[in-house]
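What follows is a set of notes on a single structure, which appears directly below.
There are 2 protein chains.
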Amino acid sequence: MNDERPAQTVATLGEFALIDRLAGALAEVGAAAAPDLPGIGDDAAIWTPTPGTRAVVTTDSLIAGIHFQLDWTGWRDLGHKALAVNLSDVAAMGARPRLATVSLALTGGEPLDGLLELYRGLGLLAARHGVTVAGGDIVASPERLGLHLTVIGESWPEADGRLLTRDAARPGDLLATSGPLGLSAAGLKLLIESGRVAHSSHDSRLIYTLQGTTHDYLAAHHRPEPRIAYGRALVAAGVRAAMDLSDGLFGDLAKICARSNVGARIDEAALPVPASLRARFPADWLALATRGGEDYELLFAAPRVALDQLRARYAAQGLPAPALIGEVLPMPTDGSPITLRHTDGSEEAIGGGAFDHFRG
Amino acid sequence: MNDERPAQTVATLGEFALIDRLAGALAEVGAAAAPDLPGIGDDAAIWTPTPGTRAVVTTDSLIAGIHFQLDWTGWRDLGHKALAVNLSDVAAMGARPRLATVSLALTGGEPLDGLLELYRGLGLLAARHGVTVAGGDIVASPERLGLHLTVIGESWPEADGRLLTRDAARPGDLLATSGPLGLSAAGLKLLIESGRVAHSSHDSRLIYTLQGTTHDYLAAHHRPEPRIAYGRALVAAGVRAAMDLSDGLFGDLAKICARSNVGARIDEAALPVPASLRARFPADWLALATRGGEDYELLFAAPRVALDQLRARYAAQGLPAPALIGEVLPMPTDGSPITLRHTDGSEEAIGGGAFDHFRG
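If you want it as structure tokens, here you go:
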């Protein structure tokens, strides 16, 4: 049967019917939606902070053509990722996410089915982390789709208000990550290389099939997993300095160095890059792992004793062991704060690596 | 002296220098900026909720060409308004605003001076209400400027967790507003009519001068004042049902009716529309006041005794007296929930009036 009926879009459905349908998509996947989804309920969403906690708030936006390509990204993955990058910021603070608001900037041409899938992807991740989707708004954006999310969290009940920050790294601390580096950037690279194929489908499952063995890279790129439990365990172990890796190891580490007024040395040999990735990208793996971005693993600094304790704790909880990647040093009097020690023992000063959205 | 040097833009300055400059603009006007303005501090902003309070969160986006015209709107006014519309939502909950995050979607072509002015306008309003500008992010938006703000507030310390909601109106309550209606819509109408003049300048002061006596309307449109103190006083007086007027009286009242499961009658003769506005727009004043939108006054429902008490309280605090505009009725079994009683005593059923961003 060939159903030629055109797909229903935002413009044909209208704003208020859309809001009802989006609320339905959340309910369908078991996500707790406040009664005040965009335009319904009250002027603001209400929640009760847990007494004695400190609260955190983070905002991240994803713009079509800049942060994602609908040609490459399935709608459900997009919903997952839009929330995941915000939850990752909460994880990096060692906090518990509680509430998300979603502001949709829509062209009006978006297919209803796509937006419902987006909300299902977002809702599934929210439900898994006990996050309430608590409203937001919908605005017209004539040229391109934009997703603007804000997530509010609070310190874990057992943490006594303690959170992780970027300014608490101290010389002598070891540097570690919660997981492997470079997978997401490898996935993006493959997507760009396979442009012709990817453009022929809006279904990321097809891309996965076509790419065969590269599934892990694409999954890392499309469906990053916020390290909520990992961040919680860091706080419990007494770690104080952390952030999440969104702009690439060197770019993000530079932010810890600047805020903590320290330097750092990274050991190339210690970088947690899977052998399969090194083999697939022999010329690029180091760049993918250190400047690629969107790993959404946690980067943290802690004294050796705390890390030993962490290993035991994480093993007991089934969390991956921290990957030691280097050491925090005193801030150098001149030059780059970051040094890369290559496998041959030579050391390279690392220039500024943070991506500037306006200077490329 | 004719300085031909081209204005510095986001693209020439770069993202990170821009962030520093924006933080400086906030400091300059006395606004409390968290150390974590976009891209500087931590992954998330931190604050401590006041014990025993309930928290509220609201998001509102403003998109160039949709919600504002840079040809008509000064940058400083734009910063004021972007925050004001969010603070108005907090006021409507009867809550105290505490924290704002700002996500800027920039084309790269924005003049630095403009963005600094935007932050000054935003910062001045934030400072006046004790709101900390606590970060956000900056993303590229190739075609048009977008401002995506989130404001977090909490119930006032004396309120014992009480907030205002849309679902608490009861038949027999009187309906009232915190101030006049239609001024903002009149201002917008004048701006559209004077398109040629307005387009010749980015300086809204010039427009004010040219328009002469219409200053009040333009100010109402460009610089709405969130009714924070008014909302606080409503809670203190025991009022329970309120919202802010952003989509026009009929559209917003319809939301209270739907959520509270009530009907309502509005008295045309009682509408708080200044005589000068009625005189300037003899054919349109009623439409401007009831369907115009962007008044950002509070609309609330309360028993007569509470309103009498409010009058005394407001007079003592120097707040404007509530303007009685009608009455809450039982939800009719069929037809429109809202009736307009004209000055001749005839009654008109009011159709749905909420503006749909995608259906016009």
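Chains A and B, in that order, give the protein sequences.
Using our numbering, you'd call the opening residue of the first sequence number 1 and step up by one each time.
Using our numbering, you'd call the opening residue of the second sequence number 1001 and step up by one each time.
Glycine included, each C-beta is placed from N, C-alpha and C at the ideal position.
Since the model is a prediction, treat every value here as computed from it, not as a measurement.
- Closer than 9 Å to the CB of B:D1043 there is at least one CB belonging to chain A.
- If you look at B:E1154, you'll find it in the beta strand (DSSP E) that goes 1146-1155.
- When the Cα atoms are used, A:T132 and A:I66 turn out to be separated by approximately 27 Å.
- Taking the CA atoms as reference points, B:Y1296 sits about 9 Å from B:D1089.
- In this structure, the beta-carbon distance from A:L181 to A:L253 does not fall below 9 Å.
- For A:P51, the chain B residues whose C-beta falls within less than 7 Å of its own C-beta are P1051, listed in chain order.
- With respect to the C-alpha of A:L329, the residue from A:S260, A:R54, A:L310, A:R232 having the closest C-alpha is A:S260.
- When C-alpha distances from A:L163 are compared across A:P51, A:A242, A:S246, the shortest belongs to A:A242.
- Contact between the segment 165-173 of chain A and the segment 298-315 of chain A is present: three or more C-beta pairs spanning the two stretches fall below 8 Å.
- If you draw a straight line from the Cα of A:I138 to the Cα of B:E1143, it is about 18 Å long.
- Secondary structure within the segment 233-295 of chain A: the beta strand (DSSP E) runs of 3 or more consecutive residues, fully enclosed, are 241-244, 262-267 (chain order).
- Within the segment 124-143 of chain A, those residues whose Cβ lies closer than 9 Å to any Cβ of chain B are, in chain order, A134, G135, G136, D137, I138, V139, A140, S141, P142, E143.
- Just measuring C-alpha positions, the residue of B:S1141, B:V1056, B:L1298 sitting nearest B:A1064 is B:S1141.
- By the C-beta criterion, the segment 1110-1120 of chain B is judged to be in contact with the segment 1018-1025 of chain B, since at least 3 inter-stretch pairs fall below 8 Å.
- What B:M1093 touches in chain A, judged by beta-carbon distance under 9 Å, is D42, D43, A44, I46, going in chain order.
- In the DSSP assignment, A:R96 falls within the beta strand (DSSP E) that extends over 95-106.
- Beta-bridge partners of B:S1061 (DSSP): B:H1148.
- The C-beta distance from B:A1264 to B:P1337 rounds to 6 Å, short enough to meet the 8 Å contact threshold.
- When C-alpha distances from A:E225 are compared across A:V10, A:L87, A:D334, the shortest belongs to A:L87.
- Taking each of B:L1324, B:R1232, B:D1334 in turn and checking the Cα distance to B:A1269, the smallest one comes out for B:L1324.
- Listed as beta-bridge partners of B:E1193 by DSSP are no residues whatsoever.
- Comparing C-alpha distances from A:D267 to each of A:I350, A:P111, A:S276, A:G136 shows the shortest one belongs to A:I350.
- At a cut-off of 9 Å between C-beta atoms, A:V328 does not count as an interface residue with respect to chain B.
- In terms of Cβ geometry, A:I152 and A:A100 form a close pair [threshold 9 Å].
- According to the DSSP secondary-structure assignment, A:I338 is paired through a beta bridge with A:A264.
- In the structure shown, B:I1066 adopts coil according to DSSP, grouped into three states.
- Its Cα nearest to that of A:P282, the residue A:A186 stands out among A:A95, A:A186, A:G135.
- The C-alpha of A:H148 is placed about 6 Å away from the C-alpha of A:D60.
- Check the Cα spacing between B:W1156 and each of B:P1272, B:L1245, B:T1150, B:A1229: the tightest is with B:A1229.
- Each residue's CA atom was taken as its position, placing B:W1285 and B:L1271 some 10 Å apart.
- At a cut-off of 9 Å between beta carbons, A:G65 contacts chain B.
- Counting only Cβ-Cβ distances below 7 Å, B:H1148 has contacts in chain A at S61, S103, H148, in chain order.
- Minimum Cα-Cα distance from B:R1076 among the listed residues B:A1031, B:L1122, B:D1043 corresponds to B:L1122.
- When C-alpha distances from B:V1239 are compared across B:D1216, B:T1290, B:E1294, B:L1299, the shortest belongs to B:L1299.
- Between A:G30 and B:G1146 a beta carbon distance of about 32 Å is seen, past the 8 Å cut, so the two are scored as non-contacting.
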